[in-house]
Amino acid sequence: MSTAATPKHCTIAGRQAWLVIGTLGALVVLGVPALGSDPWPFRPGPVHPTGIFAAAVRAAHERWDLGILRTPAVLGGVLVVALAIWLLASGRLPLRLAVGGTVVTSVLLLLPGVILQAGLRQSTAPWFYTNDSTYQIELAGQLIRDGHDPYGHDYGSSGLERFYSLDGSRPKPDAERQVALRHFAYFPGTALAAAAWGVLPKPLDDYRFLVALCALCLLPAALLFPGPVGLRLAVGAGLAAGPLITRAAWFGTADAPSLLLLVLAFGLASRSRWTWAAASLGGAILVKQFALVALPFFVLLLLRRAGRDRLAAPAAAFCAVLLAGFLPFLVAGPGALWRDTVTYGAGTYRIIGYGLAALLLRAHALSSRTGSYPFVPLVLAVWAPVTAWLLRVQWRSQAAWTGAAAFTVSMFLLLFLARVFQTSYLIWPFAGAALALLLAGAETPDGGSPTLGSARDA
């Protein structure tokens with residue numbers, strides 16, 4: 008590399024550099040107060056530190072100690088300040104330093120909570136210091152390794168029933184049974200991932216380590232897009248270490264694997280790798296149902312940029328991934344798969360959260376949290392027409408980012424109309440907005456817009 012080329016390609020300066028530092032600073036400022044907040048109030052009894060994270064458990068005084076989580080995050084803030092001082096002094100930030108600082112800050116925000124949770128869990132019992140969804144995913148993976156179908160399975164004596172008492176006791180015979188003990192609500196990709204991850208030694212077999220790893224991989228996934236490197240670093244940091252994803256990692260909500268595949272799908276599409284992009288989107292759907300919302304917007308992006316004559320190979324790759332994941336479970340019990348993943352999710356959950364269902368409940372338009380809710384009519388009357396209009400807007404637009412922005416709107420609207428609106432679900436429209444920024448950056452003059460217009464595939 009020539010000396011003249013070195014400053015341009017190995018440093019970032021000006022607005023791009025300050026964008027990275029400002030994003031990292033915002034992640035620290037917003038992340039520190041949120042880290043470790045509102046955990047499950049477990050009552051585990053005696054804690055006996057053991058395993059590779061025993062030192063962390065002892066340092067936390069054998070309890071959920073916020074200081075263990077927030078102190079590393081504050082140290083990440085010190086690193087951000089050091090980077091800002093460097094930039095003020097030199098006017099430029101070496102690219103390696105910018106990437107390294109972004110990775111280290113993300114790790115300091117993301118991993119301490121997962122490590123402490125996993126250490127406390129190993130030092131007590133598997134139904135403590137976890138989340139019921141994560142625990143059930145791990146149990147489903149164990150069933151697959153043992154040659155059993157996780158769908159239609161009774162989890163009432165699996166250990167999961169002890170989670171809900173918060174003190175490890177079994178429920179009384181006449182107690183109301185948790186509906187999750189009778190259903191596994193995730194698509195097959197989640198169970199298959201858990202089956203593979205679960206072969207690791209304890210406590211690394213905790214599914215949350217896979218979630219944290221996928222969250223961190225969102226940073227290089229963002230760098231896959233063309234465009235200004237500062238923008239890609241900043242957006243990647245927001246995806247990998249934002250308050251929503253850091254909470255998901257230690258608390259135990261498993262959206263990150265599907266989000267990673269979704270970001271990879273659009274990133275590969277931005278490089279005109281349509282077949283790999285379609286396969287990645289198939290994987291995202293296989294892991295989490297929410298990714299289905301992105302499918303029509305991705306198809307329109309493919310048709311707009313590559314044309315109908317390039318549709319066969321991506322369609323085959325997409326279908327092959329889904330078929331490979333679903334087929335074993337469709338053979339084992341198609342009815343159980345449908346009831347657990349579709350019927351259960353649409354009509355079994357209690358109404359909770361801050362969406363339309365909760366508003367109607369507060370307004371006494373609905374009589375019960377467990378009663379009927381017109382989700383399907385709302386989808387047909389509201390969400391489907393709005394989504395159709397968004398697809399029309401995307402088709403008429405010349406900009407690739409319009410599809411990601413339209414997906415963001417459609418995703419948020421669907422979540423608002425749903426029976427359950429968990430705050431953790433907001434990571435999906437956030438990811439859509441991040442994709443819109445990345446695709447918009449790819450179309451800037453130095454971002455490589457010809458790549459998005461190419462019909463090349465590899």
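Residue numbers (our numbering): 8 to 465. Idealized CB from N, CA, C, for every residue including glycine.
Exposed unless 16 or more other CB atoms sit within 10 angstroms - verdict on residue 21: exposed
Outcome for residue 405 when other beta-carbon atoms lying within 10 angstroms are tallied against a minimum of 16: exposed
Meets three-Cβ-pair contact criterion under 8 Å: the stretch 266 to 279 and the stretch 217 to 236: yes
Selected residue, minimal CA-CA separation from residue 411, among 423, 424, 397, 188: 397
Beta-carbon gap between residue 194 and residue 348 smaller than 7 Å: yes
Coil, strand or helix - residue 19 by DSSP: strand
Pairwise C-alpha distance: residue 421 and residue 364: 12 Å
Residues that residue 53 bridges to, as DSSP identifies them: Answer is none; residue 53 lacks a bridge partner.
Three-state class that DSSP yields for residue 464 in the structure shown: With a pLDDT of only 41 at residue 464, under 50, the local geometry of the prediction cannot be trusted, and no value is derived from it.
Residue 198 and residue 255 closer than 7 Å at C-beta: no
Residue 131 versus residue 319 - alpha carbon distance: 52 Å
Reference residue 87, options 313, 196, 111, closest by Cα: 111
Within the stretch 98 to 144, ranges of the beta strand (DSSP E) (whole runs, at least 3 residues): 99 to 101
Given residue 50 as reference, the closest of 394, 298, 305, 70 once Cα atoms are compared: 70
Whole-angstrom distance between residue 269 and residue 383, CA atom to CA atom: 25 Å
8 Å contact criterion, which residue 239 and residue 378 should meet: CB distance rounded: Not confirmed; about 47 Å, so no contact.
Rounded separation between residue 144 and residue 24 - CA only: 40 Å
Test item: CB-CB of residue 419 and residue 360 under 7 Å: no
Length of the line joining the Cα atoms of residue 385 and residue 185: 27 Å
Residue 430, buried or exposed, once every other Cβ within 10 Å from all chains shown has been counted against 16: exposed
Inter-residue Cα distance where the pair is residue 373 and residue 367: 6 Å
Local Cβ density within 10 Å of residue 450, reported as buried at 16 or more and exposed below that: buried
Environment of residue 108 [buried if 16+ CB atoms lie within 10 Å]: buried
Enclosing alpha helix (DSSP H) for residue 287 [first to last residue]: 281 to 294
Counted within 10 angstroms of its Cβ, other Cβ atoms place residue 417 as buried (16 or more) or exposed: buried
N-terminal and C-terminal residue of the alpha helix (DSSP H) that residue 168 is part of: 167 to 170
Own chain partners of residue 163 with C-beta closer than 8 Å, once the 5 adjacent residues on each side are dropped: 184, 188, 189
Three-state class that DSSP yields for residue 232 in the structure shown: coil
Residues that DSSP places opposite residue 428 in a beta bridge: 360
Given 8 Å, three or more beta-carbon pairs between the stretch 278 to 290 and the stretch 245 to 261: no
Closest residue to residue 441 among 327, 179, 426, 30 (Cα-Cα distance): 30
Alpha carbon of residue 457 to alpha carbon of residue 237, nearest angstrom: Because the pLDDT of residue 457 is 36, which lies under 50, any placement of that residue in the model is unreliable, and the number read from its coordinates should be weighed accordingly. For residue 457 and residue 237, the distance between alpha carbons rounds to 20 Å.
With 16 other Cβ atoms within 10 Å as the buried cut-off, status of residue 243: buried
DSSP state of residue 456 mapped onto helix, strand, coil: Confidence at residue 456 is low in this model, with a pLDDT of 38, below 50, so the placement of that residue should be treated as unreliable; the coordinate-derived value is given next. Helix.
Close-in-space but distant-in-sequence residues of the same chain around residue 26 (CB under 7 Å, 5 per side omitted): 237, 238, 241
Reference residue 220, options 180, 266, 403, 98, closest by Cα: 266
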